[in-house]
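Down below is the structure, laid out as structure tokens.
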Amino acid sequence: AKLIGISTPYAKMGFLWDVFKKNYGREKARILIWKAKTDYMNPVYRLEKIAEEYEEDPISARTEYGAEFRDDISTYLTEVDLDLLITTGVFDRSPNPDKRYFAFVDVSGARKDSFAFSISHTEEDCVVSDFAYEMPAPYDVNKEVAKCSEHLKRYNVFQVTGDKYSGDVYAQKFREHHINYKFAEDDKSELFLEFQRIVNLRRVELLDNNRMKGQFVALDRRAGRHGRDTVEKQPGGTDDLANAVAGATVLAYRKLLAHPSKEELKKKAFQRHGKSTTSGQYHGSWRQILDDAEKDLKGSMIIKREKENETNKKELNGMGQEG
90 AKLIGISTPY AKMGFLWDVF KKNYGREKAR ILIWKAKTDY MNPVYRLEKI
140 AEEYEEDPIS ARTEYGAEFR DDISTYLTEV DLDLLITTGV FDRSPNPDKR
190 YFAFVDVSGA RKDSFAFSIS HTEEDCVVSD FAYEMPAPYD VNKEVAKCSE
240 HLKRYNVFQV TGDKYSGDVY AQKFREHHIN YKFAEDDKSE LFLEFQRIVN
290 LRRVELLDNN RMKGQFVALD RRAGRHGRDT VEKQPGGTDD LANAVAGATV
340 LAYRKLLAHP SKEELKKKAF QRHGKSTTSG QYHGSWRQIL DDAEKDLKGS
390 MIIKREKENE TNKKELNGMG QEG
């Protein structure tokens, strides 16, 4: 029996690319590969339409109509990357009154997008993911905001960060539940890039969530304009839960950098000053080394975070008086 597969090429990775690379143009190949442009395979297709697509987006058009694999797309994260950091069998973690938690919500208003949020906290030298939730569309916005607010309060969280594209609509809905909605400073792609660095450093413990894992693996890292890479979901894909987990992780990790543990300070001191080959002790006074290490790790970030904390307290006090 014959097995025939038809597909539009995409990135230079995955099963289709592997088969193409191994068999295309090889006389003794076991698999016959036929590669042709749209106007060749379908002579009645409107050439004007193809020309318009090339003018609007030449990179995508080369793939869609020219049957060319893209050079600007690479793997974002693999299953192996994530499996190293996933705690098998742990689907959520109970609140701990001694911990400070950070929350991020993806409340995109698109009809096909999900409502998702995630909660994380910091340990000595890493971020720990505690809760991850996703409600696929369609959903009742008011019910999901109320449910999210209940979970946030379980973890003693009264501020949630989310994207600014929703405007003040969701901010007002969260305020009704005495939760302050803060606009994220970074866009989704920037959060994904920072999350990737955290994963590469092995500084996060993730929950056992197949939906989250699948969304991360399906993301693509692309070479952007002006030398700045971007991370995007594949056509028809979804990334709402992944965005929420990445956002909560990044928020907690930045707090970890702003308030480093003693072990982190020691590590930074080693990097800056080195150590004696005979005694194994740091050069210079220990107090000076700690001070220098703190400056390296904190910098102006501390001042910025303190100002944000003061602002949050004022906003929460204001909401309390209104209630």
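The working numbering applies: residue 90 is where the sequence shown begins, and numbers increase by one.
Beta carbons are placed, not taken as given, at the ideal position from N, Cα and C, and that holds for glycine.
By the criterion of a C-beta distance shorter than 6 Å, Y222 is surrounded in its chain by F206, once the five residues flanking it on both sides are discounted.
With a beta-carbon spacing of about 28 Å, Y165 and V246 fall beyond the 8 Å limit used to define contacts. Contact between A333 and F193 holds: CB atoms are separated by about 5 Å, below the 8 Å threshold. When DSSP reads this structure, L295 sits in a beta bridge with I175. R292 is the residue among A337, R292, K262 whose C-alpha sits nearest the C-alpha of I175. Contact between L241 and V249 holds: their C-beta atoms lie close to 6 Å from each other, under 8 Å. Rounded to the nearest angstrom, the gap between the Cα atoms of C215 and A341 is 9 Å. Within the region 102–162, not a single complete beta strand (DSSP E) segment reaches 3 residues in length.
Counting every other CB atom within 10 Å of its CB across the protein chains shown gives V196 a total of 16 or more, marking it as buried.
When C-alpha distances from D172 are compared across G325, F305, R317, the shortest belongs to F305. Within the DSSP bridge table, the entry for D195 names A205 as partners. In the DSSP assignment, K277 falls outside any beta strand (DSSP E) and within the unbroken alpha helix (DSSP H) covering 277–289. In this structure, D128 and L136 form a Cβ contact; the two beta carbons are roughly 6 Å apart against a cut-off of 8 Å. Less than 8 Å separates the beta-carbon of T338 from that of S209. For G178, same chain residues with a beta-carbon under 8 Å away, outside a window of 5 residues either side, are D297 in chain order. Taken through DSSP and simplified to helix, strand or coil, K91 comes out as coil. For K232, the uninterrupted alpha helix (DSSP H) segment begins and ends at 230–243. The region 141–159 makes no contact with the region 260–268; the number of CB pairs closer than 8 Å stays below 3. Beyond the five residues adjoining it in sequence on each side, L295 comes within less than 6 Å, by CB distance, of L174, I175, S218 in the same chain, given in chain order. Comparing C-alpha distances from R343 to each of L280, K91, A312, D252 shows the shortest one belongs to L280. Collapsing the DSSP output to three states places T319 in a strand. Taking A312 as reference, the option from S163, I139, R115 with the minimal CA-CA separation is S163. Judged by beta-carbon spacing, D170 lies within the 8 Å limit of V288, meaning their Cβ atoms are closer than that value. Distance between S278 and S203, taken at the CA atoms: about 18 Å. The criterion of a C-beta distance shorter than 8 Å is not satisfied by A260 and G336. Of the other Cβ atoms in all chains shown, 16 or more fall within 10 Å of the Cβ of S238; this residue is therefore buried. A221: member of the beta strand (DSSP E) spanning 216–224, first to last residue.
Look at Y165 here: in three-state DSSP terms it is coil, with no helix or strand label. Nearest in C-alpha terms to P186, of all of Y244, E142, A140, E141, is Y244. When the beta-carbon positions are compared, Y154 and K117 stay at least 8 Å from each other.
In this structure A307 is in contact with Q323, their Cβ atoms being roughly 6 Å apart against a cut-off of 8 Å. R159 is positioned such that its CB atom lies no closer than 8 Å to that of K91.
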